[in-house]
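**Student:**
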Amino acid sequence: MCVLAIRAILARLASLAVSLEWNHAFSQNWALLANLEIKQLLANLGGSPLSKNKTNLTLTAGINYNF
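Dropping the structure here:
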């Protein structure tokens, strides 16, 4: 019964993602932000004509200023 429930949950998942975030404060007002994420499309979504790749990598960086 438990295995069937787990399979039902996994069948409804669209994707799995893992991300790594990093923040560095230069001062009380300024900070540097970075995020790295890898996402894997599951089941039949990876073969969709709307998706070019089944695995996607995203890198985001930014500067933050607090008043």
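Numbers -17 to -1, 1 to 50, taken from mature numbering (1 follows the signal peptide of the UniProt record, and there is no 0), label the letters of the sequence shown in order.
All C-beta atoms in this analysis are idealised placements derived from N, C-alpha and C, irrespective of residue type, glycine included.
On a predicted model such as this, the values are computed, not experimentally measured, just so you know.
Going by alpha carbons, who is nearest to residue 45 out of 37, -5 and 5?
**Tutor:** Among 37, -5 and 5, the Cα nearest to that of residue 45 belongs to 5.
**Student:** Which of the three DSSP states is assigned to residue 42 in this structure?
**Tutor:** Residue 42: strand per DSSP, three-state reduction.
**Student:** Skipping 5 residues on each side, what residues in its chain have a beta carbon closer than 7 Å to that of residue 14?
**Tutor:** Correct list, in chain order: 6, 7, 8 and 47.
**Student:** Keeping to the same chain, check which residues put their C-beta closer than 8 Å to that of residue -1; ignore five residues upstream and five downstream.
**Tutor:** Excluding sequence neighbours, residue -1 sits near 20, 21, 22 and 23.
**Student:** Rounding to the nearest angstrom, what Cα-Cα distance links residue 33 and residue 25 in this structure?
**Tutor:** About 14 Å.
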